[in-house]
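For reference, the structure is listed below as structure tokens.
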Amino acid sequence: MSGSQSSHATDIEAQLQVLRSSLTVQVPYTGGVYPVKAEDLIIYYDSGENGSRRIDLGKATEDDLANLTATCQKATFGVGGADILDESYRKAGKMDLGKFAACFDVSGLLETVVPEILQGQSINDDKFLKAELYRLNVYGPGSFFKAHKDTPRSEDMIGSLVVVFPTIHAGGTLTLEHNGKSWVFDSAAELASSNTPSLAYIAFYSDVTHAVDPVQTGYRVTLTYNLFLADRHTATSPGQRHLPAPEQAFEDAMHTLLASPTFLPTGGFLAFGLTHQYPFPAPAKPERVNRKLVMPPTRLGSVLRLLKGSDARIRTLSEHVGLSTHVKVLYESVSESSRYGLEYVIKDGKDVLADDVLSMDHVYDEGDFSLKNAIEGFGLVVQRRPEHMEELQQKYTEYRELGYLRHAEKMVEVKAPAGEEVPVHWVTKITDLNRVDSSYLAYGNEAQIAYVYGNAALFVQVPPPRGRRPRARCARSGVEGDIPDRI
Numbered sequence: 325m326s327g328s329q330s331s332h333a334t335d336i337e338a339q340l341q342v343l344r345s346s347l348t349v350q351v352p353y354t355g356g357v358y359p360v361k362a363e364d365l366i367i368y369y370d371s372g373e374n375g376s377r378r379i380d381l382g383k384a385t386e387d388d389l390a391n392l393t394a395t396c397q398k399a400t401f402g403v404g405g406a407d408i409l410d411e412s413y414r415k416a417g418k419m420d421l422g423k424f425a426a427c428f429d430v431s432g433l434l435e436t437v438v439p440e441i442l443q444g445q446s447i448n449d450d451k452f453l454k455a456e457l458y459r460l461n462v463y464g465p466g467s468f469f470k471a472h473k474d475t476p477r478s479e480d481m482i483g484s485l486v487v488v489f490p491t492i493h494a495g496g497t498l499t500l501e502h503n504g505k506s507w508v509f510d511s512a513a514e515l516a517s518s519n520t521p522s523l524a525y526i527a528f529y530s531d532v533t534h535a536v537d538p539v540q541t542g543y544r545v546t547l548t549y550n551l552f553l554a555d556r557h558t559a560t561s562p563g564q565r566h567l568p569a570p571e572q573a574f575e576d577a578m579h580t581l582l583a584s585p586t587f588l589p590t591g592g593f594l595a596f597g598l599t600h601q602y603p604f605p606a607p608a609k610p611e612r613v614n615r616k617l618v619m620p621p622t623r624l625g626s627v628l629r630l631l632k633g634s635d636a637r638i639r640t641l642s643e644h645v646g647l648s649t650h651v652k653v654l655y656e657s658v659s660e661s662s663r664y665g666l667e668y669v670i671k672d673g674k675d676v677l678a679d680d681v682l683s684m685d686h687v688y689d690e691g692d693f694s695l696k697n698a699i700e701g702f703g704l705v706v707q708r709r710p711e712h713m714e715e716l717q718q719k720y721t722e723y724r725e726l727g728y729l730r731h732a733e734k735m736v737e738v739k740a741p742a743g744e745e746v747p748v749h750w751v752t753k754i755t756d757l758n759r760v761d762s763s764y765l766a767y768g769n770e771a772q773i774a775y776v777y778g779n780a781a782l783f784v785q786v787p788p789p790r791g792r793r794p795r796a797r798c799a800r801s802g803v804e805g806d807i808p809d810r811i
């Protein structure tokens with residue numbers, strides 16, 4: 325590599341590092357204390373034979389709360405689409421819609437929550453955050469809910485909002501976990517510091533694991549709202565949003581990269597591992613057209629619209645500089661779990677981008693290369709991830725020294741990217757939060773069901789230099805590059 329080429333490579337890596345550092349993962353929730361009017365703390369509920377009752381949760385007595393609890397049903401939780409009652413896992417009371425009416429209007433609180441939950445969403449997007457009241461819950465002494473994730477009520481549900489009334493209680497702390505990190509929200513402590521009518525609130529994404537610790541004394545009363553990305557039915561006027569410093573740094577780095585003719589000179593992708601989980605459709609079955617199997621149109625646009633947190637920021641900022649974004653599934657055409665040796669994985673395996681979750685129902689064996697050919701035939705072959713190739717090479721060296729390989733005398737070197745492989749710069753590593761699987765029939769001594777796995781990631785399409793238009797001329801939908809139509 326010449327001095328000039330080395331300098332260009334260093335400059336590009338410096339800008340990619342700016343992109344990485346600007347994407348520091350933020351906490352996947354927002355919470356605090358929200359001031360309300362005294363009448364907002366009133367609940368009306370159906371007490372059965374005793375008719376309707378009124379309870380002021382700002383000054384409720386132990387007897388008032390005991391009566392409310394006695395009216396509740398035992399709370400269930402969702403598993404595989406079914407509601408399960410198991411008080412060793414969840415012990416609490418619930419009251420469904422139709423059994424109670426709350427005076428509290430959530431719209432003002434929702435305005436407080438939106439900037440955090442929809443961080444990265446464009447103000448001109450055709451979606452907005454909608455809160456739907458779901459349930460009232462009462463956690464009395466000894467009540468709890470072990471670690472779980474909320475069951476999405478639809479594909480558009482992105483999170484939950486829990487409102488905690490200022491009833492006197494101890495315990496009932498909410499713990500949250502996401503991507504190996506944990507946080508604690510103590511609503512009792514939050515409310516104890518307020519001298520005016522207030523509610524505690526916390527909103528978090530659907531893929532956040534959370535638990536309610538046992539209530540020690542008193543009663544913890546909550547309203548739960550499901551948060552949806554809903555269609556905007558009325559036009560909104562364009563607005564200006566002041567970019568925070570990290571987002572401005574991201575956008576500036578993107579402009580610098582796009583201005584360089586040495587950055588992806590033939591076009592390619594910037595790739596980002598997803599930091600949140602999303603609902604993915606079942607594998608898409610290919611259709612036979614003129615004796616050829618053809619994949620139907622992609623359905624992953626629905627996932628792109630549901631991106632949240634830093635994933636949404638990447639999408640919005642990339643589109644703002646005129647680039648199109650896509651959620652795609654990355655497959656390895658030959659995996660280490662296949663019947664072939666590690667040498668074959670290194671020499672002949674491919675990284676393949678698919679527009680959808682691939683169905684392998686038509687594949688009957690990997691021995692005749694039909695699995696490899698199917699994956700490569702339905703996707704776009706891209707450069708293999710450098711860190712993955714380094715891991716394979718290191719494993720190969722270790723296996724070779726231990727004598728595990730069939731052809732130990734033949735040292736296999738990592739191939740340089742082939743000319744037909746589309747270049748990819750991985751800004752952040754791929755994650756397995758959105759792993760998908762497809763089954764096929766494998767033959768060995770007997771037929772058995774086997775699986776091929778893929779991981780979804782966010783890909784920003786970068787056209788060659790001649791196709792990079794100034795931002796002022798860019799449409800919100802992005803620009804088209806000269807990369808093959810299959811992407």
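The sequence shown runs 325 to 811 under this note's numbering. C-beta: ideal position from N, C-alpha, C; glycine also. Model, not experiment: these values are computed from the prediction.
Cβ-based neighbour list, residue i, same chain, cut-off 6 Å, excluding 5 preceding and 5 following
i: R663; result: Confidence at R663 is low in this model, with a pLDDT of 48, below 50, so its placement is unreliable and the value that follows should be read with caution. Excluding sequence neighbours, R663 sits near nothing in its chain.
i: K753; result: G597
i: P741; result: Confidence in P741 is poor, its pLDDT being 47 and thus under 50, which makes the residue's placement too unreliable to answer from.
i: K734; result: The pLDDT assigned to K734 is 49, lower than 50, so where the model puts this residue is not dependable; a value taken from the coordinates is nonetheless given after this. Counting only Cβ-Cβ distances below 6 Å, and skipping sequence neighbours, we find nothing.
i: I773; result: S763
i: V532; result: P352, L500 and H502
i: K473; result: T533
i: D685; result: none
i: I336; result: F587
i: F509; result: G355, L498 and I526
i: I492; result: G542
8 Å Cβ shell around residue i - same chain, five flanking residues per side excluded
i: S511; result: V488, G496, T497, L498, A524, I526 and R544
i: P521; result: P359, V360, K361, A362, D364, L365, G382 and P490
i: F299; result: Residue numbering for the chain in the displayed model covers 325 to 811; residue 299 lies beyond these limits and cannot be assessed.
i: G372; result: T395
i: E479; result: P603, S626 and L630
i: I408; result: T400, F401 and G402
For residue j and residue i, believed in contact at Cβ under 8 Å, the rounded distance
i: A416; j: S467; result: 5 Å
i: P788; j: G591; result: 5 Å
i: L782; j: V651; result: 6 Å
i: H749; j: L340; result: 6 Å
i: N374; j: M481; result: Between M481 and N374 the Cβ distance is about 35 Å, and since that is not below 8 Å, they are no contact.
i: G633; j: H600; result: 6 Å
i: A606; j: V681; result: 7 Å
i: T393; j: V486; result: Not confirmed; about 18 Å, so no contact.
i: Q785; j: S648; result: 5 Å
i: V812; j: V676; result: One cannot answer for residue 812 here, as it falls past the ends of the chain, which runs 325 to 811.
i: D387; j: I379; result: Not really, about 10 Å apart at Cβ, beyond 8 Å.
Sequence-distant residues of its chain with Cβ nearer than 7 Å to residue i (five each side left out)
i: D756; result: N779
i: Y602; result: V627, L630 and N758
i: L343; result: F574, A577 and V751
i: P476; result: S530 and P603
i: L453; result: L434, V438, I441, L442, L551 and L553
Candidates the options, of which the one nearest residue i by Cα
i: A513; options: V437, F702 and A494; result: A494
i: L434; options: L457, F424, Y369 and G422; result: L457
i: G701; options: E656, E715, L551 and F604; result: E656
i: P621; options: D679, S584, E501 and N519; result: D679
i: P538; options: L485, G464 and A606; result: G464
i: G422; options: F593, H579 and L460; result: L460
i: E571; options: F509, T354, D635 and L547; result: D635
i: G356; options: T334, T385, I408 and T436; result: T436
i: E611; options: S683, F452, P710 and S648; result: S683
i: S813; options: A554, P585, A455 and G542; result: As displayed, the chain neither begins before 325 nor continues past 811, which places residue 813 out of reach and without an answer.
i: D761; options: D380, S518, I492 and L654; result: L654
i: Y529; options: S517, N614, F469 and E440; result: E440
i: P747; options: L716, P710, L515 and K719; result: P710
i: E745; options: K674, Q785, I699 and T580; result: K674
i: A703; options: L617, V403 and T649; result: For clarity, residue 703 is Gly in the given sequence; the question names Ala instead. Nearest C-alpha to G703: L617.
i: F469; options: S506, A535, A426 and S584; result: A535
i: L553; options: G504, V438 and L765; result: V438
i: S376; options: R639, N519, A426 and Y775; result: A426
i: K696; options: L347, Y775 and S642; result: Y775
i: S412; options: R623, R639, A471 and S584; result: A471
i: K609; options: K505, F593 and A698; result: A698
Distance cut-off 8 Å: residue i Cβ against heavy atoms of the ligand MN
i: A781; result: By its list of ligands, the structure shown contains no ligand whatsoever, and the ligand MN lies outside what it can speak to.
Pick out the complete beta strand (DSSP E) segments inside the segment 432 to 495, 3 residues or longer, and give them in chain order. 451 to 463, 468 to 472, 481 to 488 and 493 to 495
Three or more C-beta pairs below 8 Å linking the segment 391 to 399 and the segment 417 to 427: yes
At which residue ranges does the segment 607 to 684 contain complete beta strand (DSSP E) runs of 3 or more residues, listed in the order of the chain? 611 to 613, 616 to 618, 648 to 656 and 675 to 678
Threshold first: 3 residues or longer. Then list the beta strand (DSSP E) segments lying entirely within the segment 519 to 597, N to C. 522 to 529, 533 to 536, 539 to 542, 544 to 555 and 592 to 597
Whole beta strand (DSSP E) elements within the segment 327 to 392, 3-residue minimum: 353 to 359, 366 to 370 and 376 to 380
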